[in-house]
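Trainee: Following this message is one structure expressed as structure tokens.
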Amino acid sequence: MLPARYVDRLPLEEVTIAEILKAKGYSTGFFGKWHLGGDAAHWPEHQGFDVNVGGWSRGSPMGGYFSPWENPRLESTHDDEYLTERLASECASFIERQDGPYFAMLSFYAVHTPLQGRPDLVERYREKKATRPETVWGVEGERKVRQSQDHAVYAAMVHAMDEAVGVVLDAIEARGEADETLVVFFSDNGGLSTSEGHPTSNLPLRAGKGWVYEGGIREPCVIRWPGVTTAGTTIDTPISSIDFLPTIASACGSSWPEVDGIDLRPVIEGDVPDRALFWHYPHYGNQGGSPAGAMREGRYKLIEWYEPGREVELFDLEADPGETTNLASELPERVESMLQRLQAWR
370 MLPARYVDRL
380 PLEEVTIAEI
390 LKAKGYSTGF
400 FGKWHLGGDA
410 AHWPEHQGFD
420 VNVGGWSRGS
430 PMGGYFSPWE
440 NPRLESTHDD
450 EYLTERLASE
460 CASFIERQDG
470 PYFAMLSFYA
480 VHTPLQGRPD
490 LVERYREKKA
500 TRPETVWGVE
510 GERKVRQSQD
520 HAVYAAMVHA
530 MDEAVGVVLD
540 AIEARGEADE
550 TLVVFFSDNG
560 GLSTSEGHPT
570 SNLPLRAGKG
580 WVYEGGIREP
590 CVIRWPGVTT
600 AGTTIDTPIS
610 SIDFLPTIAS
620 ACGSSWPEVD
630 GIDLRPVIEG
640 DVPDRALFWH
650 YPHYGNQGGS
660 PAGAMREGRY
670 KLIEWYEPGR
680 EVELFDLEAD
690 PGETTNLASE
700 LPERVESMLQ
710 RLQAWR
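Here is the structure:
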């Protein structure tokens, strides 16, 4: 079937978190991967950010992770500087310069391909890999899929990113502002497991980036919100990145445009929202996924494949988070109800 065209830019009329906070007197800085505009007129500096370091049209580092990066919004200071560390340093410096409220968005290029880690960390994880069994592989559709987390270079990239997050948190702590700063850490998609080196596994979740199975759309999210969150607690209510704009706007006392997301503070405090979550991916990705839509309602998830002849799938994610058993034939009324809602939303 003919897939839909990709939307390659964020329309300028869309209101961003940065624009909302800038109107409230916040300084705004963006650092890293933007990937929301093919031309400079759609880059971060035109979407509410006072500072843009590294954000342009590309979704992966054109020159790799070691400088020179060939990035028009990031000058190299010396050869072989590691990109993940530099972005964290730039973000921390921005925080240190502020004398009022600020919004900093650090969007790492890591762990996107090309797979390149610091040599010392790569060696460390290669030594660890040498003590482990051989890599385990499975199959998803026509693709092989990694089923063990044992890629040394990928591990080195994750390690460097973890250290980089620490650099930013230390900058907040050094200013004495940890108790009045909302911090959110999250990812945009599941790990890459079915192509381009197959660097990681999402088990027990199925598939990975580029698929609407849980391995592709369930990601980590950590929120540190003084006075609201409690360290070490976990919430099992599904949320989405579409919720961040209303959440942050509300926390800062701002209004926000009508969007699909919700303010997460009531959710964090124990309220379970009565809503479904929807996904729409009408593309053939290079990771092997096919055009599809999905809907999550309570414990159930429906997948509608857009190719003619493919069966609808229904999974009970509480009992079967790995999506191994299709319940569509057993629960036809639920399938029909969810399918109607999904198609109406689309």
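For the sequence shown, our numbering assigns the number 370 to the initial residue and increments by one for each residue that follows. C-beta atoms are modelled at their ideal positions from N, C-alpha and C, and glycine is treated no differently. Note that the structure is predicted; figures quoted are calculated from it, not measured.
Going by alpha carbons, who is nearest to G394 out of G406, G622, E676, V704?
Mentor: Out of G406, G622, E676, V704, G622 has the C-alpha closest to the C-alpha of G394.
Trainee: Return the bridge partner residues of C590 from the DSSP annotation.
Mentor: Per DSSP, F555.
Trainee: Quick check on the DSSP output: the alpha helix (DSSP H) that includes K497 runs from which residue to which?
Mentor: Taken as a continuous stretch (DSSP letters only), the alpha helix (DSSP H) holding K497 covers 488 to 498.
Trainee: Buried or exposed for D377, going by 16 or more other Cβ atoms inside 10 Å?
Mentor: Exposed: under 16 other Cβ atoms inside 10 Å.
Trainee: Report the start-end ranges of each alpha helix (DSSP H) in the segment 422 to 485 that is 4 residues or longer and not cut off at the edges.
Mentor: Entirely contained in the segment 422 to 485, the alpha helix (DSSP H) runs reaching 4 residues are, in chain order, 452 to 466.
Trainee: Only counting the same chain, and skipping five residues up and downstream in sequence, which positions put a Cβ closer than 6 Å to that of E532?
Mentor: Same-chain partners within the cutoff: there are none.
Trainee: Skipping 5 residues on each side, what residues in its chain have a beta carbon closer than 7 Å to that of L696?
Mentor: Around L696: L683, F684, D685.
Trainee: When the Cα atoms are used, what is the spatial distance from A618 to T603?
Mentor: Taking the straight line from one Cα to the other gives about 23 Å.
Trainee: Between the C-alpha atoms of D605 and G667, what's the straight-line distance to the nearest angstrom?
Mentor: Those two C-alpha atoms are separated by around 11 Å.
Trainee: Would you check if there are 3 or more beta carbon pairs closer than 8 Å linking the segment 470 to 478 to the segment 507 to 520?
Mentor: Touching, no.
Trainee: Could you check the C-alpha separation between E549 and D557 for me, to the nearest Å?
Mentor: In a straight line, the C-alpha of E549 is about 26 Å away from that of D557.
Trainee: Nearest to Q485 by alpha carbon, out of H447, E450, F435?
Mentor: Of the candidates H447, E450, F435, the one whose C-alpha sits nearest the C-alpha of Q485 is F435.
Trainee: Buried or exposed: where does L371 fall if 16 or more other Cβ atoms within 10 Å of its Cβ makes it buried?
Mentor: When all chains shown are included, L371 counts as exposed.
Trainee: Are the beta-carbon atoms belonging to D448 and P437 less than 8 Å from one another?
Mentor: In this structure, P437 lies closer than 8 Å to D448 by Cβ.
Trainee: At the level of alpha carbons, what is the spacing between Y653 and A576?
Mentor: For Y653 and A576, the distance between alpha carbons rounds to 15 Å.
Trainee: On the three-pair Cβ rule with 8 Å, is the segment 670 to 679 touching the segment 561 to 568?
Mentor: As far as the Cβ criterion goes, the segment 670 to 679 does not touch the segment 561 to 568, which means the pair count is below three.
Trainee: Give every residue of the same chain whose Cβ lies closer than 6 Å to the Cβ of H567, excluding the five residues on either side of it in the sequence, and list them in chain order.
Mentor: Here the set comprises R515.
Trainee: In angstroms, rounded to a whole number, what distance separates the CA positions of P470 and I464?
Mentor: Cα-Cα distance, rounded: 10 Å.
Trainee: Suppose you measure from the CA of Y494 to the CA of T693; what does that come to, to the nearest Å?
Mentor: In a straight line, the C-alpha of Y494 is about 32 Å away from that of T693.
Trainee: Would you check if the segment 584 to 597 and the segment 636 to 646 touch, i.e. whether three or more CB-CB distances between them fall below 8 Å?
Mentor: Cβ pair count under 8 Å is three or more, so yes.
Trainee: Pick from S659, T504, V534, V628: whose alpha carbon is nearest that of K578?
Mentor: Of the listed residues, the one whose Cα sits closest to K578 is S659.
Trainee: Restricting to Cα atoms, I'd like to know which of G407, H415, G417, S445 is closest to R427.
Mentor: Per the Cα distances, G407.
Trainee: Span of the alpha helix (DSSP H) holding T616?
Mentor: Start and end: 613 to 620.
Trainee: Using the beta-carbon count (16 or more within 10 Å), is G423 buried or exposed?
Mentor: Buried.
Trainee: Pick out the complete alpha helix (DSSP H) segments inside the segment 650 to 677, 4 residues or longer, and give them in chain order.
Mentor: Whole alpha helix (DSSP H) segments, 4+ residues: zero.
Trainee: Using 8 Å as the threshold, is the C-beta distance between P615 and D643 below it?
Mentor: In this structure, D643 does not lie closer than 8 Å to P615 by Cβ.
Trainee: Check for me: the alpha helix (DSSP H) holding W714 runs from which residue to which?
Mentor: Its alpha helix (DSSP H) spans residues 701 to 714.
Trainee: Rounded to whole angstroms, what is the Cα-Cα separation between A547 and N421?
Mentor: Those two C-alpha atoms are separated by around 24 Å.
Trainee: Report the rounded CA-to-CA distance for F647 versus H404, giving the unit in angstroms.
Mentor: So the alpha carbons of these two residues sit roughly 22 Å apart.
Trainee: Determine the DSSP secondary structure at L381, reduced to helix, strand or coil.
Mentor: Of the three classes helix, strand and coil, the one that applies to L381 here is coil, per DSSP.
Trainee: Leaving out five residues before and five after V384 in sequence, what residues of the same chain have Cβ atoms less than 6 Å from its Cβ?
Mentor: Excluding residues within five positions, the ones whose Cβ falls inside 6 Å are P626.
Trainee: Measure the C-alpha to C-alpha separation of S706 and E583 and round it to an integer number of angstroms.
Mentor: Computed Cα separation, rounded: 21 Å.
Trainee: Nearest-angstrom Cα distance between P413 and V536?
Mentor: Taking the straight line from one Cα to the other gives about 23 Å.
Trainee: Who are the Cβ neighbours of L671 in its own chain at under 6 Å, not counting the five residues just before and after it?
Mentor: Excluding positions up to five away in sequence, the list reads M664, L683, M707.
Trainee: So, helix, strand or coil for G577, using DSSP?
Mentor: Three-state DSSP puts G577 in coil, outside helix and strand.
Trainee: Give the range of the alpha helix (DSSP H) segment to which L686 is assigned.
Mentor: Looking at the DSSP string, L686 is not in any alpha helix (DSSP H), and its letter there is neither H nor E.
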